[in-house]
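Take 1 as the starting number for the sequence shown in UniProt numbering and just add one per residue.
Every residue gets a Cβ at the ideal spot worked out from N, C-alpha and C, and that includes glycine.
Since this is a predicted model, take the numbers as computed values, not measurements.
For reference, the structure discussed in these notes is given below.
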Amino acid sequence: MSNAEKNHEMTVEEFVAELKRLKEQNEDLLDKATEKLADLEDNEPDSDGVKYERWQDKCDAQQCLIEAIEERLDKINSYLEEYDTSEV
């Protein structure tokens, strides 16, 4: 192992602290993404034409973003369950 690799090793406590920071950050992102989707849905255009298709594409993209954030949060939570012993 090189010196650079040794210098970048984390303790379990540092790892858990980083996971908690990432969890909070992703929860904020999820809230914002959910609010944006709600705003989009509140401003649905007439159901025909290019404007509607663009609106639908934006809603679909926002839903994909929400799902990706939720998946990331699930992964973070599973790591926290495994490594965070402070709440045991």
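Taking the CA atoms as reference points, Ala33 sits about 14 Å from Asp42. Counted as a single uninterrupted DSSP element, the alpha helix (DSSP H) harbouring Ser78 occupies residues Val50 to Tyr83. Contact between Lys23 and Leu80 holds, since their C-beta atoms are separated by about 7 Å, short of 8 Å. Inter-residue distance for Glu44 and Ile66 is about 19 Å (C-alpha atoms, whole angstroms).
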